[in-house]
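2 protein chains.
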Amino acid sequence: MRTRFILIQTSHAGNVGGTARAMKVMGFDDLVLVAPRWANVLRREETIQRASGANDVLAKARIVDTLDEALDGVDHLCATAMTPRDFGPPTRSPREHFRQLLAGGPGQSDDDRAVRPAGVAFLFGSERFGMRNEDVYRCHACLSIPTDPAFGSLNLAAAVQLIAYDWRLALGPWGSAPISNPQPRLADAASVAGMLAHWEQALVAIGFLDPAAPRKLMPRLNQMFNRAVLQEEEIHILRGVAKAMLETAARSKR
Amino acid sequence: MRTRFILIQTSHAGNVGGTARAMKVMGFDDLVLVAPRWANVLRREETIQRASGANDVLAKARIVDTLDEALDGVDHLCATAMTPRDFGPPTRSPREHFRQLLAGGPGQSDDDRAVRPAGVAFLFGSERFGMRNEDVYRCHACLSIPTDPAFGSLNLAAAVQLIAYDWRLALGPWGSAPISNPQPRLADAASVAGMLAHWEQALVAIGFLDPAAPRKLMPRLNQMFNRAVLQEEEIHILRGVAKAMLETAARSKR
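So the protein sequences, as listed, match chains S and D. Residues in the first sequence are numbered consecutively from 1, following this note's numbering. Residues in the second sequence are numbered consecutively from 1001, following this note's numbering.
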């Protein structure tokens, strides 16, 4: 299964190197940095030192400006955040969530056939202020690593290491045959985000959403659609509905 | 249960700091260094920086000359080593071993009474040459963390983090209640059906659904919403959207 680690606004080069090493040691190599503090972070001395040989992960890593650009090809997003957010995704421990996810957990099954994601991304916020609410809202689950209530200060690369380890063990150790189920084509995160943007526009046009008082409507719809595990076909339908709303609203103003 | 982390001949100050942090975040504070490279390692700048607030662990840590001096009060020793040794203890994955150990596993029980150790120590060798055979031989088990066969280079502090995490989860998390999300009120079938009827009407009104050629649109939406396991609150939102669509359509026909 495609597995991506996404670091958002990371400020310490050592953590980028430590992340590359933590990923590689668990057999993962897809790293994306969103707006890191240092544009040259992948080539900094501290990064390379802490990567300790995981140079191919650094060489392959991409730097992008926005989270949107980091989400191609992944359809299940896991936030890692200390504090749950109202209207955010459900908070789960990594092990519990991975077990459910790979079993095609609650609300994921259709006709007794488990729908497993095609690609998973793990999102990590900045060392200083964690993840922004709007990034958390997009996620399907918020992974909470159990830590001492009196000292929850988990290092970023250490958090990556723990998630990579639990995910690797959940996937099954190396060499085991992947489980394959015939399944519908799931919409990836970019396609869900595009549909939601289209809907937001439409809901404003028909007067249901007041941009001045959004009342968390879009995060709520985002969570609802996340739970549905949308298929590509359904994205087309939902975009068709948005288009019809917009056209009707335009006619109503003539 | 008493839990000690023992670093043997550690050469990087950053790893000592990272170890202190990794321990504390999982609720452990008993650290012993055997013959570290730097005598003043507990006070070095890099150590303190990487400890990131785990200063009490550093303050409490002891430095000793030999492994023997590090073992008071612990009766179960776990080596961490990449390569099993002939004549060494059995190699196990951390999770498997912790489960057996806490259940009073094989070789641990006496008169049908599970014997749990009073104190456990985890031993970590130096960054450069790992653990010496004679230190491994003293251990009750050799913990092997699953890593990519092609890149097993796990950072020392990262290894401590993984062991501390698995051990903490095996011991059972902190007294805090398990992570729970308030259970939302789910919509019953009648309420979903009522919402869908409302939507059908609205989709016809905005011209998206042609009653003469419905193309299974409503069954598809029904399936999609079923998968989302709708909450009552969401039914209100979706009915609000339908209402706004109907009103906009009415205005467009004036």
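Even for Gly, the Cβ is constructed at its ideal location relative to N, Cα and C. As the structure is a computational prediction, the values presented were derived from the model and not from experiment.
For residue j and residue i, the rounded distance between their alpha carbons
| i | j | result |
| --- | --- | --- |
| valine 16 (chain S) | lysine 1216 (chain D) | 49 Å |
| glutamate 1234 (chain D) | methionine 195 (chain S) | 18 Å |
| glutamine 1223 (chain D) | alanine 157 (chain S) | 41 Å |
| arginine 1132 (chain D) | leucine 1067 (chain D) | 11 Å |
| glutamate 1046 (chain D) | glutamine 1161 (chain D) | 18 Å |
| aspartate 1065 (chain D) | leucine 1123 (chain D) | 15 Å |
| proline 1117 (chain D) | cysteine 1139 (chain D) | 13 Å |
| valine 1159 (chain D) | alanine 1150 (chain D) | Note that residue 1159 (chain D) is alanine in the sequence shown here, rather than valine. Looking at the two C-alpha atoms, the distance is approximately 17 Å. |
| valine 204 (chain S) | arginine 239 (chain S) | 15 Å |
| alanine 193 (chain S) | phenylalanine 1208 (chain D) | 22 Å |
| phenylalanine 28 (chain S) | alanine 61 (chain S) | 12 Å |
| alanine 1020 (chain D) | alanine 1079 (chain D) | 18 Å |
| serine 1252 (chain D) | alanine 1228 (chain D) | 32 Å |
| glutamate 96 (chain S) | leucine 1101 (chain D) | 22 Å |
| alanine 1141 (chain D) | valine 1032 (chain D) | 19 Å |
| isoleucine 6 (chain S) | arginine 254 (chain S) | 46 Å |
Residue-chain proximity (residue i, chain S), Cβ-Cβ < 8 Å
| i | result |
| --- | --- |
| glutamine 1100 (chain D) | no |
| alanine 1039 (chain D) | no |
| isoleucine 1006 (chain D) | no |
| aspartate 1148 (chain D) | yes |
| isoleucine 1048 (chain D) | no |
| isoleucine 1163 (chain D) | no |
| serine 1252 (chain D) | yes |
| methionine 1224 (chain D) | yes |
| glutamate 1069 (chain D) | no |
| glycine 1018 (chain D) | yes |
| lysine 1024 (chain D) | yes |
Local Cβ density within 10 Å of residue i, reported as buried at 16 or more and exposed below that
| i | result |
| --- | --- |
| alanine 1059 (chain D) | exposed |
| leucine 1186 (chain D) | exposed |
| alanine 1202 (chain D) | buried |
| methionine 26 (chain S) | buried |
| asparagine 1040 (chain D) | exposed |
| leucine 83 (chain S) | Position check: residue 83 (chain S) holds threonine in this sequence, whereas leucine was assumed. Exposed, by the Cβ-count rule. |
| glutamate 1197 (chain D) | Note on residue identity: the sequence assigns alanine, not glutamate, to residue 1197 (chain D). Counting Cβ neighbours within 10 Å, alanine 1197 (chain D) comes out exposed, since fewer than 16 surround it. |
| proline 146 (chain S) | buried |
| proline 36 (chain S) | buried |
| alanine 1213 (chain D) | exposed |
Proximal residues to residue i (C-beta, below 6 Å), its chain only, five neighbours per side dropped
| i | result |
| --- | --- |
| isoleucine 206 (chain S) | Met245 and Ala249 |
| glycine 18 (chain S) | Arg50 and Ala157 |
| glycine 1172 (chain D) | none |
| aspartate 30 (chain S) | Arg4 |
Spatial neighbours of residue i in its chain, beta-carbon cut-off 8 Å, leaving aside the 5 residues before and after
| i | result |
| --- | --- |
| aspartate 86 (chain S) | Lys216 |
| glutamate 1232 (chain D) | Pro1184, Arg1185, Leu1186, Ala1187 and Ser1191 |
| lysine 243 (chain S) | His198 and Ala202 |
| isoleucine 1048 (chain D) | Gly1017, Asn1055 and Leu1058 |
Test: residue i CB closer than 8 Å to a CB of chain D
| i | result |
| --- | --- |
| threonine 248 (chain S) | yes |
| asparagine 15 (chain S) | no |
| glycine 172 (chain S) | no |
| serine 126 (chain S) | no |
| serine 191 (chain S) | no |
| serine 11 (chain S) | no |
From the options, residue whose alpha carbon lies closest to that of residue i
| i | options | result |
| --- | --- | --- |
| threonine 1003 (chain D) | D:Leu1071, D:Asp1188, D:Leu1042 and D:Asn1055 | D:Leu1071 |
| leucine 230 (chain S) | D:Arg1220, D:Tyr1137 and D:Ile1237 | D:Arg1220 |
| aspartate 148 (chain S) | D:Ala1022, D:His1076 and D:Leu1007 | D:Ala1022 |
| glycine 119 (chain S) | S:Asp188, S:Pro173, S:Asp135 and S:Pro211 | S:Asp188 |
| tryptophan 167 (chain S) | S:Gly73, S:Pro94 and S:Ile63 | S:Pro94 |
| alanine 1081 (chain D) | D:Gly1172, D:Ala1242, D:Ile1008 and D:Gly1014 | D:Ile1008 |
| glycine 1152 (chain D) | S:Pro184, S:Cys78, S:Arg128 and S:Gly53 | S:Gly53 |
| serine 11 (chain S) | S:Lys253, S:Asp29, S:Leu238 and S:Phe129 | S:Phe129 |
| glutamate 134 (chain S) | S:Pro89, S:Ser144, S:Ala150 and S:Ala121 | S:Pro89 |
| asparagine 1155 (chain D) | D:Ala1141, D:Ser1126, D:Cys1142 and D:His1140 | D:Ser1126 |
| leucine 42 (chain S) | S:Asp30, S:Ile63 and S:Phe28 | S:Ile63 |
| histidine 76 (chain S) | S:Glu247, S:Val241 and S:Leu143 | S:Leu143 |
| serine 191 (chain S) | S:His236, S:Phe208 and S:Ala228 | S:His236 |
| arginine 1092 (chain D) | D:Glu1232, D:Glu1247 and D:Ile1163 | D:Ile1163 |
| tyrosine 137 (chain S) | S:Pro211, S:Ala213, S:Asn226 and S:Asp210 | S:Asn226 |
| valine 34 (chain S) | S:Glu69, S:Ala141 and S:Met218 | S:Glu69 |
| valine 241 (chain S) | D:Trp1199, D:His1097 and D:Glu1096 | D:Trp1199 |
Spatial neighbours of residue i in its chain, beta-carbon cut-off 7 Å, leaving aside the 5 residues before and after
| i | result |
| --- | --- |
| tyrosine 165 (chain S) | Met26 |
| arginine 44 (chain S) | Ala13 and Trp38 |
| valine 1074 (chain D) | Arg1002, Arg1004, Gly1119, Val1120 and Ala1121 |
| lysine 24 (chain S) | Ala54 and Val57 |
| proline 211 (chain S) | Val204 |
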